[in-house]
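Residue numbers (this note's numbering), protein chains in the order written: chain A, 1 to 114; chain B, 1001 to 1120.
Every residue gets a Cβ at the ideal spot worked out from N, C-alpha and C, and that includes glycine.
Here's the structure, in structure tokens; my notes come after.
Given below as structure tokens:
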């Protein structure tokens, strides 16, 4: 069965600084990886995904993520954080070979300080 | 394009009462999911539908939870009787694609705003 770990409950960065939100995963087959963002009292919004191809994927709002197969990681990054990026971020994985469902990580709360 | 619609947004009930949540997915999306999100945790799958058939309900507490998608479009999730530990946000999501590989597996989920349930 697949699983996702987000080792940091909370990440704090200053506005304008780069940010990284970490994610590691475990699947039996090929990983399909996703990042979602959740603002207060809202549903989850899709940011980006890795299915195949280039290890660096770009998504919405200037976010990008790097797939690292050897480290089984899919860290979310942004070169310059905005206060409006403050939210809850979820990493999710799906096993591409076995058609299992999405499994979400526990979430990381990002706080961007002005 | 209209997003995933859910109602009600908020519901407060007492334990042992019943509650129902409704979801209308994005038009044309064959796959519909119900997730439970307890405060401070990631979403947990309750049930997945492909058109009007159940694909996965292994984590649905069937003694008290039920869900249906009769016409392959909108869906209802019911809890009866509710327990205190059912307090959570119930998220509906949909995705395009069929039950085969490819777009079904690689397609992202589109979520509704959620229905927040408080059981007193």
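inquiry  = In whole angstroms, give me the CA-to-CA distance for residue 48 of chain A and residue 60 of chain A.
reply    = Your numbering for residue 48 of chain A matches position 48 in the first chain. Your numbering for residue 60 of chain A matches position 60 in the first chain. It is roughly 7 angstroms from the alpha-carbon of residue 48 of chain A to the alpha-carbon of residue 60 of chain A.
Inter-residue spacing [alpha-carbon to alpha-carbon] between residue 1099 of chain B and residue 1008 of chain B = Counting from one through the second chain, the residue named residue 1099 of chain B turns up at place 99. Counting from one through the second chain, the residue named residue 1008 of chain B turns up at place 8. Note on residue 1099 of chain B: pLDDT 48, under 50, position unreliable in the model; no value is reported.
inquiry  = I'd like to know whether the C-beta of residue 1044 of chain B is nearer than 9 angstroms to at least one C-beta of chain C.
reply    = Absent from the structure is chain C; the protein chains it does hold are A and B.
ask   = How long is the line joining the alpha carbons of residue 8 of chain A and residue 21 of chain A, rounded to whole angstroms?
value = Looking up residue 8 of chain A in the first chain gives position 8. Looking up residue 21 of chain A in the first chain gives position 21. Rounded to the nearest angstrom, the two C-alpha atoms are 8 angstroms apart.
inquiry  = Using 8 angstroms for Cβ pairs, my map puts residue 1084 of chain B next to residue 1015 of chain B. What's the rounded Cβ distance?
reply    = Taking the second chain and counting its residues from 1, the one referred to as residue 1084 of chain B is at position 84. Taking the second chain and counting its residues from 1, the one referred to as residue 1015 of chain B is at position 15. The Cβ separation is near 6 angstroms, so the contact holds.
task = Check whether the Cβ atoms of residue 41 of chain A and residue 1113 of chain B lie closer than 9 angstroms to each other.
result = Here residue 41 of chain A refers to the residue found at position 41 of the first chain. Here residue 1113 of chain B refers to the residue found at position 113 of the second chain. The answer is yes: Cβ separation under 9 angstroms.
ask   = Are residue 1057 of chain B and residue 1039 of chain B touching if we call contact CB-CB under 9 angstroms?
value = Here residue 1057 of chain B refers to the residue found at position 57 when the second chain is read from its first residue. Here residue 1039 of chain B refers to the residue found at position 39 when the second chain is read from its first residue. Cβ atoms of residue 1057 of chain B and residue 1039 of chain B: not closer than 9 angstroms.
task = Please compile the residues from chain B whose C-beta is within a distance smaller than 7 angstroms of the C-beta of residue 182 of chain A.
result = Residue 182 of chain A cannot be examined here, being either before or after the span of chain A that is shown, 1 to 114.
query = Curious, which full-length beta strand (DSSP E) runs of at least 3 residues does the stretch 39-93 of chain A contain?
reply = For secondary structure counted as the beta strand (DSSP E) over 3 or more consecutive residues, the stretch 39-93 of chain A holds these complete runs in sequence order: 44-50, 56-58, 64-68, 73-78.
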